[in-house]
Each structure stands twice: as C-alpha cells, then as structure tokens.
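Numbering (this note's numbering), first residue to last: 43 to 385. For reference, the structure is listed below as structure tokens.
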Amino acid sequence: MTAKKTYITVLNVYSCLSVVLLHGSAFWNFRKTPGWIADNFVESFFYFAVPVFVMLSGATLMDYRERCTTKEYFKKRVRKTVIPFLFWSIVGLFFVIWRDGSGSVDLHPVAILDAVINCRYIGIYYFFIIIFGVYLAIPVFSAIPKEKRQRTFLYCILAALAVNVLLPFLASLTGGAVRHNGEFTFAVCSGYLLYALVGYYLDAYMPSRKVRIPLYLLGILGFAALFLGTLFLSYRDGAINQLFKGYVNLPCVLYATAVFLFFKAFPFDKLPQWLLRVLTFFGGQTFGIYLIHVQLMTIFNKALHIVPQSFAERMGFAVLIFVLSGLLTKLLQKIPVLKQFIP
C-alpha cells in the first residue's frame with residue numbers, strides 16, 4: 043500500500059468511527075453534569091469527521107481525469123453513491139414504519155419524494171446531499187491545468203476562508219450588533235466545497251514544517267473554541283449554545299484542517315502490520331457503516347432493549363456498533379443482489 047493510500051485509508055476509518063461515536067453520545071441532551079462535559083468533549087473532539095470526509099473526496103477525486111473520462115466519473119458517482127442513497131432511503135421508509143408505526147409516515151408519492159430529498163427517514167443521509175454538490179463541482183476545478191492549480195486553489199481557499207467563513211464568524215461574535223450581509227460571498231467556493239479544495243491542496247502540496255506548526259496551533263484553538271467555548275457558554279445559558287458550532291464555521295475549519303494535515307504527515311509505515319490489516323479491512327466498509335449504523339443502534343435500543351446509560355457504556359456501545367456494522371457490511375457485499383447497494 044502506498045503512503046498516500048495508507049493515510050487516506052486510516053483517516054477514512056478514523057473519521058467513520060468518529061461519526062459513530064458522535065451518534066453514540068448524548069451531547070444534545072444538555073445537563074450540568076460531568077457526563078455532559080464528557081459528551082461535549084466527544085462531540086468537539088470528533089467534530090472534524092464530516093468535513094474530513096469531504097476533504098478526502100477532494101484529495102482522491104480531483105485528479106480523476108488521469109484515470110477516466112468525465113462521463114465515466116459521473117457514472118461511477120451515480121453507481122457508488124446516488125443509487126445506494128436512493129435504495130437505503132427507501133429502506134429507511136420501512137425502517138421508520140417499523141420504529142414509529144405506519145401512522146407516522148405519509149405514503150403519498152410526493153411526500154415520499156420530499157422525505158427522500160430532504161433525508162427525513164434517515165437524518166444523517168444529509169451528507170449525501172452535501173457530497174453530491176461537491177461531485178458536481180469537481181470537474182470544473184479539475185479542468186484547471188496542474189501547473190496553475192497551486193496558486194489558483196490557494197487563492198480560492200484563502201478568499202473563501204476570509205469571506206465565507208471568517209466574516210460570518212466575526213459578525214456572530216458581536217451578538218447581532220453587526221449583522222453579516224450574506225449577499226457578500228465568494229460564490230465560486232461556497233459551503234463545503236472549501237473542504238474539497240483544502241483536501242486536495244494539502245494532499246498535493248504538502249506544507250513545510252514551518253507552515254504545519256502554525257496550522258496545528260490554529261487547529262488546537264479551533265478545538266478549544268468548540269469544547270471550552272461551548273462548555274462555558276452553554277453553562278452560562280442553561281442550554282446548548284451553538285456560537286462555535288457549524289461545519290463551515292471558523293473553529294471547525296481550523297480544527298478539521300489540522301486533523302487532515304496531521305494524518306497526512308504521520309509515518310503510518312511504522313505501525314504494526316496487523317493493525318494496518320485491520321484498518322484496511324474496515325477501510326473497505328466505511329461507506330456501508332455510515333449507511334446502516336444508526337439503524338443498527340435503533341434496533342439494539344428498540345428490539346433488544348439495550349440502551350446504554352453511562353458515558354462509558356455509550357462509547358463502548360458505539361464502538362461495538364462500528365464493528366458490527368463493518369462485519370454486516372462485509373456480509374451484505376457478498377450477496378449478489380445487494381452488493382450494488384452497499385459498495
């Protein structure tokens with residue numbers, strides 16, 4: 043396995059596990075207890091996961107023209123993401139009926155279409171909507187000649203960071219005294235597309251150690267804002283304060299960038315071979331784990347009446363769900379009629 047493939051595989055697995063741990067925590071159930079502080083730490087520490095998934099897409103897909111045509115690129119995206127999204131969204135319809143009863147779901151075709159598009163059956167599928175937009179933009183950026191990419195991408199990243207991320211964040215710090223004017227935006231790199239460009243840039247143009255250290259320090263500040271800032275403001279307000287939350291908010295951008303860079307620079311060739319084999323196994327199952335882990339959690343809660351109570355139980359339960367989801371994904375991939383829906 044090449045060094046690039048190794049760090050991408052490990053980061054992919056770590057991000058997937060992070061998502062499951064996030065969904066296993068009780069962060070959104072605010073209470074002034076040590077348990078919530080621990081949940082807040084988990085929420086903050088693993089908050090990078092969704093942005094890093096987008097960064098990995100940028101790192102792995104931006105050079106697709108070296109491997110296939112644009113037509114083939116889109117065919118692969120449809121086969122590997124759009125079809126599974128639609129299939130598992132419909133499965134989600136029946137899952138909700140089982141969980142909440144038939145009266146909980148409007149079965150009119152228009153209502154079903156609306157629920158699928160807006161991820162009402164399985165809420166975490168919102169990530170597909172994000173990534174579909176990124177997929178549409180990648181052919182535009184990949185058409186930029188390689189000799190011009192470094193400066194062009196850096197300009198896009200810095201402009202988006204300043205206009206789309208920093209300015210709204212600074213305005214939010216004023217508590218509404220200065221409102222952010224959303225009409226002023228760097229539209230060519232809006233939303234999560236920033237992460238795709240950052241992922242490609244860090245993968246293709248590894249920063250020097252002199253640059254990495256300040257980026258790591260900024261990442262630590264981003265994490266501190268997510269954890270300590272949210273802790274202080276939530277205790278002050280008696281409810282969860284989301285000033286520092288948001289995947290395209292400055293704290294998360296800084297933190298996710300530092301996490302990606304850390305994994306890119308880490309010498310994974312020094313890890314034990316058995317550990318790399320385990321990571322490689324789960325690296326092939328991360329998409330399936332994302333698709334089914336929430337349903338598996340609910341089945342354990344509702345059907346088996348396994349509802350973890352303490353913080354340690356919730357984290358252990360999340361790790362168990364991650365492993366079981368990976369094994370179940372591997373099994374489903376061996377069934378001919380299902381493997382196309384869980385690649």
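All C-beta atoms in this analysis are idealised placements derived from N, C-alpha and C, irrespective of residue type, glycine included. Treat the numbers as computed from the prediction; the structure is a model and nothing was measured.
For this session: Mind listing, in chain order, the continuous alpha helix (DSSP H) runs of no fewer than 4 residues lying wholly within the region 200 to 271?
Result: 209 to 215, 235 to 246 and 251 to 266
For this session: Ignoring anything shorter than 4 residues or poking outside the region 100 to 131, list the alpha helix (DSSP H) runs there in chain order.
Result: 112 to 119
Exercise. Is Ile166 helix, strand or coil when you go by DSSP?
Worked result: To locate residue 166, count along the sequence shown from 1; it is residue 124. Correct three-state label for Ile166: helix.
Exercise. Taking the alpha helix (DSSP H) that Ser86 falls in, what are its first and last residues?
Worked result: By 1-based counting over the sequence shown, the position of residue 86 is 44. Per DSSP, Ser86 belongs to the alpha helix (DSSP H) from Pro76 to Phe87.
Exercise. How would you label His150, buried or exposed, when you count the other beta carbons within 10 angstroms and need 16 or more for buried?
Worked result: For the purposes of this step, residue 150 is taken as the residue at position 108 of the sequence shown. Exposed, since its Cβ has fewer than 16 Cβ neighbours within 10 Å.
For this session: Buried or exposed for Asn160, please, with buried defined as at least 16 other CB atoms from any protein chain shown within 10 angstroms of its CB.
Result: Against the sequence shown, residue 160 aligns to sequence position 118. Per the 10 Å Cβ criterion, exposed.
Exercise. Roughly how far, in whole angstroms, is the beta-carbon of Leu235 from the beta-carbon of Ala179, given that I think they are within contact range, below 8 Å?
Worked result: Residue numbering aside, residue 235 sits at position 193 when the sequence shown is read from its first letter. Residue numbering aside, residue 179 sits at position 137 when the sequence shown is read from its first letter. The Cβ separation is near 5 Å, so the contact holds.
Exercise. Could you give the distance in angstroms between the alpha-carbon of Val147 and the alpha-carbon of Phe136?
Worked result: Here the question's residue 147 lines up with position 105 in the sequence shown. Here the question's residue 136 lines up with position 94 in the sequence shown. Looking at the two C-alpha atoms, the distance is approximately 9 Å.
Problem set entry | Reduced DSSP category for Pro309 - H, G, I as helix; E, B as strand; rest coil | Sequence index remark: in the sequence shown, residue 309 carries index 267 (1-based). Residue state, collapsed to three classes: coil.
For this session: Tell me, to the nearest whole angstrom, how far the beta carbon of Phe90 is from that of Ala307; I am working on the premise that it is less than 8 Å.
Result: Counted from its first residue, the sequence shown places residue 90 at position 48. Counted from its first residue, the sequence shown places residue 307 at position 265. The pair is not a contact, with the Cβ atoms about 16 Å apart (cut-off 8 Å).
For this session: Output yes or no for whether 8 Å exceeds the beta carbon distance between Leu338 and Ile377.
Result: As a position in the sequence shown, residue 338 is number 296, starting the count at 1. As a position in the sequence shown, residue 377 is number 335, starting the count at 1. It is not a contact, given that the beta carbons lie outside the stated cut-off.
For this session: Please report the residue range of the alpha helix (DSSP H) in which Trp316 lies.
Result: Numbered from 1 along the sequence shown, position 274 holds the residue referred to as residue 316. Per DSSP, Trp316 belongs to the alpha helix (DSSP H) from Gln315 to Gly325.
Exercise. How many Å lie between Ile384 and Arg121 at the Cα?
Worked result: Taking the sequence shown and counting its residues from 1, the one referred to as residue 384 is at position 342. Taking the sequence shown and counting its residues from 1, the one referred to as residue 121 is at position 79. Their Cα atoms are separated by approximately 10 Å.
For this session: Put Pro93 into one of helix, strand or coil per three-state DSSP.
Result: Working through the sequence shown from its first residue, we reach residue 93 at position 51. Pro93: helix per DSSP, three-state reduction.
Exercise. Starting from Lys381 and walking both ways along the alpha helix (DSSP H), at which residues does that stretch end?
Worked result: The residue given as residue 381 occupies position 339 in the sequence shown. Its alpha helix (DSSP H) spans residues Pro378 to Lys381.
For this session: Assuming Val52 contacts Phe305 (C-beta within less than 8 Å), just tell me the rounded distance between them.
Result: Here residue 52 is taken as the residue at index 10 of the sequence shown, counted from 1. Here residue 305 is taken as the residue at index 263 of the sequence shown, counted from 1. That pair is a contact at about 6 Å.
For this session: Measure the beta-carbon distance from Phe183 to Met97 and round it to whole angstroms, keeping in mind my assumption that it falls under 8 Å.
Result: Taking the sequence shown and counting its residues from 1, one reaches residue 183 at position 141. Taking the sequence shown and counting its residues from 1, one reaches residue 97 at position 55. In this structure, Phe183 and Met97 do not form a Cβ contact; the two beta carbons are roughly 14 Å apart against a cut-off of 8 Å.
For this session: Let me know the secondary structure DSSP gives Ser352 once reduced to three states.
Result: Taking the sequence shown and counting its residues from 1, the one referred to as residue 352 is at position 310. The answer is coil: DSSP assigns Ser352 none of H, G, I, E or B.
Problem set entry | Distance, Ile154 Cα to Tyr258 Cα | Looking up residue 258 in the sequence shown gives position 216. Looking up residue 154 in the sequence shown gives position 112. Approximately 45 Å between the Cα atoms of the pair.
Exercise. Which residue from Phe195, Leu260 and Gln315 puts its Cα closest to that of Gly241?
Worked result: Within the sequence shown, residue 241 is the residue found at index 199, counting from 1. Cα-wise, what sits closest to Gly241 is Phe195.
For this session: List the endpoints of the continuous alpha helix (DSSP H) containing Val158.
Result: Walking along the sequence shown from the start, residue 158 turns up at place 116. First-last of the alpha helix (DSSP H) with Val158: Pro151 to Ile159.
Exercise. The alpha helix (DSSP H) spanning His347 covers which residue range?
Worked result: If you number the sequence shown from 1, residue 347 lands on position 305. Element bounds for His347: n/a, residue is neither H nor E.
For this session: Measure the Cβ-Cβ separation of Ala237 and Pro181 and say whether it is below 8 Å.
Result: Residue mapping note: residue 237 aligns to position 195 of the sequence shown, counting from 1. Residue mapping note: residue 181 aligns to position 139 of the sequence shown, counting from 1. For the sequence presented, residue 237 should be read as Tyr rather than Ala. Contact flag unset, no.
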